[in-house]
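Okay, structure first, notes after.
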Amino acid sequence: MTAHWPTGGPAPAPPLSPAGAAEPLAEEELAEGFVRGEEACLVAAYHRWSGLVFTLAQRALGDAREAEDVTQVVFLAAWRGRHTFVPARGVLAGWLVGIARRKIADALSARTRRADLVAAAGARLAQTAYDTANRPEAVLDRVVVGQELAKLPAPQRRVLGLAFYDDLTHTQIARLTGWPLGTVKSHARRGLRRLGHRLREADVPQTPS
Numbered sequence: 001m002t003a004h005w006p007t008g009g010p011a012p013a014p015p016l017s018p019a020g021a022a023e024p025l026a027e028e029e030l031a032e033g034f035v036r037g038e039e040a041c042l043v044a045a046y047h048r049w050s051g052l053v054f055t056l057a058q059r060a061l062g063d064a065r066e067a068e069d070v071t072q073v074v075f076l077a078a079w080r081g082r083h084t085f086v087p088a089r090g091v092l093a094g095w096l097v098g099i100a101r102r103k104i105a106d107a108l109s110a111r112t113r114r115a116d117l118v119a120a121a122g123a124r125l126a127q128t129a130y131d132t133a134n135r136p137e138a139v140l141d142r143v144v145v146g147q148e149l150a151k152l153p154a155p156q157r158r159v160l161g162l163a164f165y166d167d168l169t170h171t172q173i174a175r176l177t178g179w180p181l182g183t184v185k186s187h188a189r190r191g192l193r194r195l196g197h198r199l200r201e202a203d204v205p206q207t208p209s
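Residue 1 is where the sequence shown starts when you use my numbering, and the numbers rise one by one after that.
So, in structure tokens, the structure goes:
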């Protein structure tokens, strides 16, 4: 994995020991400096353990881009919450792994919420195709959904159209469009929010049970 600093750009070089020798900071010195808010120790911690955090995230998420995002989130969260780390109770690496596990769980939960949102919106769109003989107003609903979908920004409209009508996954859409997977997910999430809001305003009914 290429190291990227949480605030963007390549990670700075790790600091040397206080004496300026070639050996890196000892873990105890690093942990104490980290808690004190010394940015050099954050740099050292990132160089030393970002690879471990990235590996854990990639194994759990199966997506390198998401794993990179989680890695940055972990170190930002650690830095902001550094005062909660007590060196006497454990090593810094173990504390970072604990944060990583929580952030990975958050990412998996967010993925589930996105999938549920897609399914709900898909059901909303699918309702317009069922038995129009028994529910003639479905024709009107279909027109309303089509009109509201057409009002979305082009990238969001394209992603949702490929997902709902062509039944493509986010990964397949990314390959087809050439957009980064994160961009595809962002367009889908924003588009679904706008579409759901517009459909509620248009009072399109829920799928019947």
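The beta carbon of each residue, even a glycine, is placed where N, CA and C say it ideally should be.
Everything numeric in this text was worked out from a predicted model, so none of it was measured.
Note down the Cα distance separating residue i from residue j, rounded to an integer number of angstroms.
i    : j    : result
R48  : L25  : 10 Å
A112 : A78  : In the sequence under discussion, the amino acid at residue 112 is Thr, which differs from the Ala named in the question. Approximately 25 Å, taken between the alpha carbons.
E28  : S186 : 41 Å
R175 : V86  : 45 Å
L195 : R82  : 40 Å
E68  : L76  : 13 Å
R189 : A88  : 43 Å
W95  : V53  : 11 Å
V97  : P180 : 27 Å
R157 : H170 : 14 Å
L152 : F164 : 15 Å
H213 : A154 : Because the chain spans 1 through 209 in this model, residue 213 falls outside it and cannot be assessed.
V74  : A100 : 6 Å
L192 : R80  : 32 Å
E148 : Q58  : 37 Å
Measure how close the beta-carbons of residue i and residue j come, nearest whole angstrom, since I'm counting them as under 8 Å.
i   : j   : result
C41 : L30 : 5 Å
F34 : L92 : 6 Å
Beta-carbon separation of residue i and residue j under 7 Å?
i    : j    : result
G182 : R65  : yes
T84  : S50  : no
L160 : L168 : no
I104 : A60  : yes
Could you spell out the range, first to last residue, of the alpha helix (DSSP H) harbouring residue i?
i    : result
D167 : Counting along the chain, D167 falls outside any alpha helix (DSSP H), and DSSP gives it neither H nor E.
G90  : Taken as a continuous stretch (DSSP letters only), G90 belongs to no alpha helix (DSSP H), as it is neither H nor E.
G33  : 27-36
task: Identify every run of the alpha helix (DSSP H) within the region 40-87, keeping only runs that are complete inside it and at least 4 residues long; order them along the chain.
output: Every alpha helix (DSSP H) of 4 residues or more that sits fully in the region 40-87 is shown, in chain order, as 64-80.
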